[in-house]
Structures are given as C-alpha cells and as structure tokens.
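So the number in my numbering is just where the residue sits in the sequence shown, counting from 1, plus 19.
Just so it is clear, CB atoms sit at the ideal spot from N, CA and C, and this is done for glycine as well.
It should be emphasised that the depicted structure is a prediction, and the values quoted were computed from it without experimental measurement.
Take a look at the structure set out below.
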Amino acid sequence: MVEQKEVHAFFDQVAQGDVWVKRVSQIPTNFKLVAPVDNKYIVAHSESGHHHVINVAPGVEYYQDDTDEMDSYLQVIDEVEVRLEHLKSVGGHATIALSPGIFRLRRGRERTPTGWVRVRD
Numbered sequence: 020m021v022e023q024k025e026v027h028a029f030f031d032q033v034a035q036g037d038v039w040v041k042r043v044s045q046i047p048t049n050f051k052l053v054a055p056v057d058n059k060y061i062v063a064h065s066e067s068g069h070h071h072v073i074n075v076a077p078g079v080e081y082y083q084d085d086t087d088e089m090d091s092y093l094q095v096i097d098e099v100e101v102r103l104e105h106l107k108s109v110g111g112h113a114t115i116a117l118s119p120g121i122f123r124l125r126r127g128r129e130r131t132p133t134g135w136v137r138v139r140d
C-alpha cells in the first residue's frame, strides 16, 4: 500500500477530490445537526464505497440541510484530532487534518442536460 500524505488545515480552503473545504465564520440557521453512521460522518457518499468521512470525536459537530446534498458544515470546537479521510486504500486522496473552526464542505457538481448534479465516481 502507498503511504498517503496528510494536509494540515491551517488554511482558508483546500480540496480532497470532489470535496471542497473552506473555513467560514458561521453555520447557516437552516442546517441541522446530523447523527453519525457507524461512528463516522459521511461527507461524500461514493457508490463504490470509497466515501469521504470524518471520524466522530468529542467537540466535533456536523451539519446538513435536508434540501441540499451538495453542502454541509463541520464545526471543530476543541483542539482535537479531526481528519477528513478518503476511504480508498490505493490511489485515494490525501487525508486532511482539521484545526478548530467552522468549515463549509461543498461537493463537486457537474452540468447535465437536466441540470446540475453531484459528481459521482
């Protein structure tokens, strides 16, 4: 297995494949707290099982809006070890270590004849 590099998120914005991460100042009021699935927050679901995930940790909150699967927010409250990981053992994207703050997580999208849809792998 190839060892992947880790990107530390003392940044304004960064991308992990089709997930764009940007530091922001607040979470919109229409976004609601989401419960984890199998002790993970699934940021980007992959049909092939190579999800982009954040492991649950104390001081971490994940928010989504029921009407828009393209956007979510993550709040890292405490100085905890939080990582956005791509669950692909070979050829995956670098893990992103997130520092305390609020982050907007935006999915990649593409134009189709019927309108905009999220990028699928």
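- Query: Comparing alpha-carbon positions, which option in Leu103, Val101, Glu80 lies nearest Phe50?
  - Reply: Closest in C-alpha terms to Phe50, from the list Leu103, Val101, Glu80, comes Glu80.
- Task: Kindly indicate the opening and closing residues of the beta strand (DSSP E) around Ser44.
- Result: For Ser44, there is no enclosing beta strand (DSSP E), since its DSSP letter is neither H nor E.
- Task: Could you tell me if Ser91 is buried or exposed, where buried requires 16 or more neighbouring beta carbons within 10 angstroms of its beta carbon?
- Result: Looking at its Cβ environment, which holds 16 or more other Cβ atoms inside 10 Å, Ser91 is buried.
- Item | Own chain partners of Val62 with C-beta closer than 7 Å, once the 5 adjacent residues on each side are dropped | Sequence-distant partners of Val62 (beyond 5 residues in either direction) whose C-beta falls short of 7 Å from its own C-beta, in its chain, are Val38, His71, Val72, Ile73, Ser91, Leu103, Leu124.
- Item | Cβ neighbour criterion (16 or more within 10 Å) applied to Val43 | That one is exposed.
- Considering only C-alpha positions, which residue in the set Tyr82, Thr48, Pro77 is nearest to Phe122? Minimum Cα distance to Phe122 is reached at Tyr82.
- Query: How far does the beta strand (DSSP E) with Glu100 in it reach, from first residue to last?
  - Reply: In the DSSP annotation of this structure, Glu100 is not part of any beta strand (DSSP E), being labelled neither H nor E.
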